[in-house]
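Chemist:
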């Protein structure tokens, strides 16, 4: 007896978007809402900005990954980072500010030598300090 070969028929499945549709499609609208937040909020934060936009912080960061919104979100983050930096330099309690800045990408820097050689002498006015 001859075997019948079955042909598999592939169905074209239309892909539908998954998840909630974006709240904003126009970066100018979002920029105006962000400006309004900064005008009305004396102590702005990223979490506060997300709350005022009625989205989560994670969603706010996801908008920053979209090409049309990257500049808008980046400017908002820089405005908040500027406030943190000002508080770090001129404020009286830097601990919380240091923590907040580390969450924006700042890092502590430690200078070390790994070869047990002494560090070079600092230069003052073009001459090493020990030769002055």
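Residue numbers (our numbering): 9 to 140. We treat Cβ as the ideally placed atom computed from N, Cα and C, and that holds for glycine. Predicted model, so just to flag it, every value in this text is computed and none were measured.
Let me know the secondary structure DSSP gives residue 56 once reduced to three states.
Modeler: helix
Chemist: In chain order, what residues of the same chain lie with their CB nearer than 7 Å to the CB of residue 105, ignoring the 5 residues before and after it?
Modeler: 92, 95, 96 and 99
Chemist: To the nearest whole angstrom, what separates the beta carbons of residue 55 and residue 80, a pair I think is in contact under 8 Å?
Modeler: Not a contact, Cβ separation roughly 18 Å.
Chemist: Can you check whether the CB of residue 85 is closer than 9 Å to the CB of residue 72?
Modeler: Their beta carbons are under 9 Å apart, which means residue 72 touches residue 85 by this criterion.
Chemist: Here's the rule: buried if 16 or more other CB atoms are within 10 angstroms of the residue's CB, otherwise exposed. What is residue 108?
Modeler: With a 10 Å radius around the Cβ and a threshold of 16 neighbouring Cβ atoms, residue 108 comes out buried.
Chemist: For residue 112, which residues in the same chain have their Cβ closer than 6 Å to its Cβ, ignoring the five residues on either side in sequence?
Modeler: 89
Chemist: Assuming residue 78 contacts residue 31 (C-beta within less than 8 Å), just tell me the rounded distance between them.
Modeler: Going by Cβ atoms, the distance from residue 78 to residue 31 rounds to 16 Å, so no, they are not a contact pair.
Chemist: Mapping DSSP to helix, strand and coil, what is residue 79?
Modeler: The answer is helix: DSSP assigns residue 79 an H, G or I state.
Chemist: So, helix, strand or coil for residue 94, using DSSP?
Modeler: helix
Chemist: Rounded to a whole number of angstroms, what is the C-alpha to C-alpha distance between residue 45 and residue 123?
Modeler: Roughly 52 Å between the two C-alpha positions.
Chemist: Can you give the Cα-Cα distance for residue 20 and residue 58, rounded to whole angstroms?
Modeler: Rounded to whole angstroms, the gap between the alpha carbons of residue 20 and residue 58 is 39 Å.
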